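**Q**
2 protein chains.
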Amino acid sequence: MILVNGKPEDRIAITDRGLQYGDGLFETIAYRNGIAEFLQQHLERLLLGCEKLGINFTHVDRLKHEVTQICDDLADNDAVIKIIITRGSGGRGYFANADMVATRIVSSHPLPNYPEEHATNGVAVRFCQHRLSDNVQLAGIKHLNRLDQVLARNEWTDPAISEGLMSNADGNIVEGTMSNLFIVLGNKLITPLLTHAGIAGIIRARLIAIAQDYGLEFEQRNVSRSDITNAQELFVCNSVIGIWPVRSIETRSYPVGPITQLLQILLSKSPK
Amino acid sequence: MILVNGKPEDRIAITDRGLQYGDGLFETIAYRNGIAEFLQQHLERLLLGCEKLGINFTHVDRLKHEVTQICDDLADNDAVIKIIITRGSGGRGYFANADMVATRIVSSHPLPNYPEEHATNGVAVRFCQHRLSDNVQLAGIKHLNRLDQVLARNEWTDPAISEGLMSNADGNIVEGTMSNLFIVLGNKLITPLLTHAGIAGIIRARLIAIAQDYGLEFEQRNVSRSDITNAQELFVCNSVIGIWPVRSIETRSYPVGPITQLLQILLSKSPK
Chain Y
2 MILVNGKPED RIAITDRGLQ YGDGLFETIA YRNGIAEFLQ QHLERLLLGC EKLGINFTHV
62 DRLKHEVTQI CDDLADNDAV IKIIITRGSG GRGYFANADM VATRIVSSHP LPNYPEEHAT
122 NGVAVRFCQH RLSDNVQLAG IKHLNRLDQV LARNEWTDPA ISEGLMSNAD GNIVEGTMSN
182 LFIVLGNKLI TPLLTHAGIA GIIRARLIAI AQDYGLEFEQ RNVSRSDITN AQELFVCNSV
242 IGIWPVRSIE TRSYPVGPIT QLLQILLSKS PK
Chain U
2 MILVNGKPED RIAITDRGLQ YGDGLFETIA YRNGIAEFLQ QHLERLLLGC EKLGINFTHV
62 DRLKHEVTQI CDDLADNDAV IKIIITRGSG GRGYFANADM VATRIVSSHP LPNYPEEHAT
122 NGVAVRFCQH RLSDNVQLAG IKHLNRLDQV LARNEWTDPA ISEGLMSNAD GNIVEGTMSN
182 LFIVLGNKLI TPLLTHAGIA GIIRARLIAI AQDYGLEFEQ RNVSRSDITN AQELFVCNSV
242 IGIWPVRSIE TRSYPVGPIT QLLQILLSKS PK
């Protein structure tokens, strides 16, 4: 099911700035056991993104109603709910009239059937050649300009590789193509800074809060390739997969370590 | 008139990767006096972009036919023809199946009615705050990830300002929001290097060829803010506007200089 501005629809105007310029934002929400998980956090991030991009989006109540409609339609079927907000439709050229009305697209998709072992035994991961674009003003925002992720994800077809890690121009590792990254190094939990590139993930934020509540030693800082090599534990996370321990990157192997397992338990108990 | 994969249509599938990820390319072509100007060069750039992004676009003949249909429909009316090629439609997630078929969108739009004086007396220009994203692998390509240009262009509403100049992370001036930039400094024609950001424009390439044929001293190099201040002449160019001399940037004024005027004449005589 897809709703565009509240109406069942599977197409959008060619003139929409989402298509013309990638001028918009998105959210990917796990719908499990009848719950759109972390919906409030997703909506808050979406609104923050609209504010940062100057997108005039005022119909949050309508959007919430549309998400509810999609959830009602799904009933007991687990799914992924995707929200796209674009700046709206109209005109040729980068300038956008201030009275432009944002477009809302809410859609449901099958939940990917990842093997259960991904969460228990971990996944194999690679380093991507394609680098993240550096831009201090866009860093953190889940916007629709996703060519970097597309190019990085299409570097491999081997189904045994579950994720690829991406660096930015200075060679620091920032995130996965579809996930955020955490490492455990010297008993400290570390996640890359997102000051120049990367998406500020909902699960990433949740895990930072959990780690701090629990009193784990934690730091956000640049993560180099050698930090990855030296890490005791490594995991990737997002709203759909939760936490996947990394069991190998190319020739280096990692155990599914105690901090990763602890965070999996704490995340599963976290109110959604 | 809009043709999507050859059929008159004003909408596109929500699942198209052009909307989902900005996963595609575009061309903006001036149609004047019954001619789609520099069409061959636009098509060559489009194909080069497809190759760089790994977009499986094989229907060039169909695309040419669709451009001809649009031109026939326009008849004697000057216009802008826009081509969008996306990787195609389908799936959620960054991975794209290799058998995905690229989407072709060809549309016509009114030619903007810029005052004739823009070309003769020059335009007022500003410096934009928003910076271009740095990415060596994407630099030069006219792809659909255009949030940088959108944010920069929407920094001003004053109709007296015709263009904004954008820098990249290191502070060098790379281009305008919708144009390439040339300066004349110490009798040498200079245009910024596009190794880290920017779009390799068709008129830019044409002017480089013209300058070299004519024996003008020419260089592609980084252009700093002080180069802009010290320049004797300055102009911006693209396929729709041709060459606009810059008559002022904020408080600094420039004359419409002899090299700019010479290039305007040579460009107007250049076969299109």
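Protein chains in written order, with my numbering: chain Y, 2 to 273; chain U, 2 to 273. Just so it is clear, CB atoms sit at the ideal spot from N, CA and C, and this is done for glycine as well. The model shown is predicted, which means the values in this text are computed figures rather than measured ones.
#1: State the Cα-Cα distance for the pair residue 252 of chain Y and residue 129 of chain Y, rounded to the nearest angstrom.
#2: By a C-beta neighbour count over all protein chains shown, 10 Å radius and 16 as the cutoff for buried, is residue 83 of chain Y buried or exposed?
#3: Given that residue 179 of chain Y touches chain U, what residues does it touch there, using C-beta distances under 8 Å?
#4: Could you check how far apart the C-beta atoms of residue 217 of chain U and residue 260 of chain U are, in whole angstroms? I think they sit under 8 Å.
#5: Determine the chain Y residues that contact residue 154 of chain U at a beta-carbon separation under 9 Å, and present them in chain order.
#6: Do the CB positions of residue 131 of chain Y and residue 149 of chain Y come within less than 8 Å of each other?
#7: When the distance is taken between beta carbons, is residue 86 of chain Y closer than 8 Å to residue 99 of chain Y?
#8: Hey, residue 274 of chain Y and residue 195 of chain Y: beta-carbon distance below 8 Å or not?
#9: Compute the Euclidean distance between the alpha carbons of residue 107 of chain Y and residue 35 of chain U, then round it to the nearest angstrom.
#10: Can you tell me whether residue 32 of chain Y is helix, strand or coil according to DSSP?
#11: What are the residues of the stretch 246-257 of chain U that lie near chain Y, defined by any Cβ-Cβ distance shorter than 7 Å?
#12: Please report whether the beta-carbon of residue 126 of chain Y lies at a distance below 8 Å from any beta-carbon of chain U.
#13: Relative to the C-alpha of residue 81 of chain Y, which candidate in Y/134, Y/5, Y/29, Y/126 has its C-alpha closest?
#14: For residue 188 of chain Y and residue 256 of chain Y, I'd like the C-alpha separation in whole angstroms.
#15: Out of curiosity, what's the CA-to-CA distance linking residue 96 of chain Y and residue 167 of chain U?
#16: Please report the distance separating the alpha-carbon of residue 105 of chain Y from that of residue 229 of chain U.
#17: Rank Y/210, Y/152, Y/184, Y/60 by C-alpha distance to the C-alpha of residue 232 of chain Y and give the top, closest one.
#18: If residue 133 of chain U sits next to residue 199 of chain U, beta carbons under 8 Å apart, how far is it from one beta carbon to the other, in whole angstroms?
#19: To the nearest angstrom, how far is it from the Cα of residue 266 of chain U to the Cα of residue 180 of chain Y?
#20: Using DSSP with H/G/I as helix, E/B as strand and the rest coil, what is residue 130 of chain U?
#21: Specify whether the stretch 20-28 of chain U and the stretch 41-52 of chain U touch according to this definition: at least 3 beta carbon pairs, one from each stretch, less than 8 Å apart.
#22: With a 10 Å radius around its C-beta and 16 neighbouring C-beta atoms as the bar for buried, classify residue 22 of chain Y as buried or exposed.
#23: Can you find at least 3 beta carbon pairs, one from the stretch 60-71 of chain U and one from the stretch 70-79 of chain Y, that sit closer than 8 Å?
#24: In terms of residue numbering, what span does the alpha helix (DSSP H) encompassing residue 41 of chain Y cover?
#25: Among Y/3, Y/15, Y/20, which has the Cα closest to the Cα of residue 147 of chain Y?
#26: Any beta carbon of chain Y sitting closer than 8 Å to that of residue 70 of chain U?
#27: If residue 144 of chain Y sits next to residue 54 of chain Y, beta carbons under 8 Å apart, how far is it from one beta carbon to the other, in whole angstroms?
#28: Could you name the residues that DSSP lists as bridge partners for residue 109 of chain U?
#29: Where does residue 62 of chain U fall in DSSP's three states?
#30: Just to confirm the assignment, what range does the beta strand (DSSP E) spanning residue 4 of chain U have?
#31: Taking all protein chains shown into account, do 16 or more other C-beta atoms lie within 10 angstroms of the C-beta of residue 113 of chain Y, making it buried, or fewer, making it exposed?
#32: Counting only beta-carbon separations shorter than 8 Å, does residue 73 of chain Y have a partner in chain U?
#33: Between the alpha carbons of residue 182 of chain Y and residue 7 of chain Y, how many angstroms are there, rounded?
**A** Let me lay it out:
#1: Locating residue 252 of chain Y in the first sequence gives position 251, where the first residue counts as 1. Locating residue 129 of chain Y in the first sequence gives position 128, where the first residue counts as 1. Rounded to the nearest angstrom, the two C-alpha atoms are 15 Å apart.
#2: On the first sequence, position 82 is the one that residue 83 of chain Y refers to. Residue 83 of chain Y should be labelled buried.
#3: Along the first sequence, read from residue 1 onward, the residue named residue 179 of chain Y stands at position 178. What residue 179 of chain Y touches in chain U: 94, 95.
#4: Indexing the second sequence from 1 puts residue 217 of chain U at position 216. Indexing the second sequence from 1 puts residue 260 of chain U at position 259. About 7 Å; that satisfies the 8 Å criterion.
#5: The sequence position of residue 154 of chain U within the second sequence is 153, counting from 1. What residue 154 of chain U touches in chain Y: 94, 95, 96, 97.
#6: Taking the first sequence and counting its residues from 1, the one referred to as residue 131 of chain Y is at position 130. Taking the first sequence and counting its residues from 1, the one referred to as residue 149 of chain Y is at position 148. Annotated as proximal: residue 131 of chain Y and residue 149 of chain Y, with beta-carbon spacing under 8 Å.
#7: As a position in the first sequence, residue 99 of chain Y is number 98, starting the count at 1. As a position in the first sequence, residue 86 of chain Y is number 85, starting the count at 1. No, these two residues do not count as a Cβ contact at 8 Å.
#8: The structure shown does not extend to residue 274 of chain Y, since chain Y is modelled only from 2 to 273, so the question has no answer here.
#9: Position 106 of the first sequence, counted from the start, is the residue given in the question as residue 107 of chain Y. Position 34 of the second sequence, counted from the start, is the residue given in the question as residue 35 of chain U. Those two C-alpha atoms are separated by around 43 Å.
#10: Here residue 32 of chain Y is taken as the residue at index 31 of the first sequence, counted from 1. DSSP places residue 32 of chain Y in strand when its eight states are reduced to three.
#11: none
#12: For the purposes of this step, residue 126 of chain Y is identified with residue 125 of the first sequence, where counting begins at 1. No - not a single Cβ of chain U is within 8 Å of the one on residue 126 of chain Y.
#13: For this step, residue 81 of chain Y is matched to residue 80 along the first sequence. When each option's Cα is compared against that of residue 81 of chain Y, the closest is Y/29.
#14: Translated into positions along the first sequence, residue 188 of chain Y becomes position 187. Translated into positions along the first sequence, residue 256 of chain Y becomes position 255. About 14 Å.
#15: Residue mapping note: residue 96 of chain Y aligns to position 95 of the first sequence, counting from 1. Residue mapping note: residue 167 of chain U aligns to position 166 of the second sequence, counting from 1. Those two C-alpha atoms are separated by around 15 Å.
#16: Here residue 105 of chain Y refers to the residue found at position 104 when the first sequence is read from its first residue. Here residue 229 of chain U refers to the residue found at position 228 when the second sequence is read from its first residue. Their backbone Cα atoms lie some 42 Å apart in a straight line.
#17: Position 231 of the first sequence, counted from the first residue, corresponds to residue 232 of chain Y. Here the closest residue by C-alpha is Y/184.
#18: Position 132 of the second sequence, counted from the start, is the residue given in the question as residue 133 of chain U. Position 198 of the second sequence, counted from the start, is the residue given in the question as residue 199 of chain U. Contact flag correct, Cβ pair sits at about 7 Å.
#19: Here residue 266 of chain U refers to the residue found at position 265 of the second sequence. Here residue 180 of chain Y refers to the residue found at position 179 of the first sequence. Approximately 53 Å between the Cα atoms of the pair.
#20: Counting from 1 along the second sequence, the entry for residue 130 of chain U is found at position 129. Here residue 130 of chain U sits in coil by DSSP.
#21: yes
#22: Residue numbering aside, residue 22 of chain Y sits at position 21 when the first sequence is read from its first letter. Buried, by the Cβ-count rule.
#23: Output reads no: the stretch 70-79 of chain Y does not touch the stretch 60-71 of chain U.
#24: Mapped onto the first sequence, residue 41 of chain Y falls at position 40. From DSSP, the alpha helix (DSSP H) with residue 41 of chain Y extends over 40-54.
#25: Here residue 147 of chain Y refers to the residue found at position 146 of the first sequence. When each option's Cα is compared against that of residue 147 of chain Y, the closest is Y/20.
#26: Your numbering for residue 70 of chain U matches position 69 in the second sequence. No, no contact with chain Y.
#27: The residue you call residue 144 of chain Y lines up with position 143 of the first sequence. The residue you call residue 54 of chain Y lines up with position 53 of the first sequence. Indeed, because the Cβ distance is near 7 Å, the residues count as touching under 8 Å.
#28: Locating residue 109 of chain U in the second sequence gives position 108, where the first residue counts as 1. Paired residue(s): U/82.
#29: Here residue 62 of chain U corresponds to residue number 61 of the second sequence, with the count starting at 1. Looking at residue 62 of chain U - three-state DSSP - the assignment turns out to be helix.
#30: Looking up residue 4 of chain U in the second sequence gives position 3. Unbroken beta strand (DSSP E) run through residue 4 of chain U: 3-5.
#31: What you label residue 113 of chain Y is simply residue 112 of the first sequence in a count that begins at 1. Flag for residue 113 of chain Y reads exposed.
#32: As a first step, residue 73 of chain Y must be located in the first sequence, where it is residue number 72. Not closer than 8 Å to any Cβ of chain U, the Cβ of residue 73 of chain Y fails to qualify, so no.
#33: Counted from its first residue, the first sequence places residue 182 of chain Y at position 181. Counted from its first residue, the first sequence places residue 7 of chain Y at position 6. Roughly 35 Å separates the two Cα atoms.
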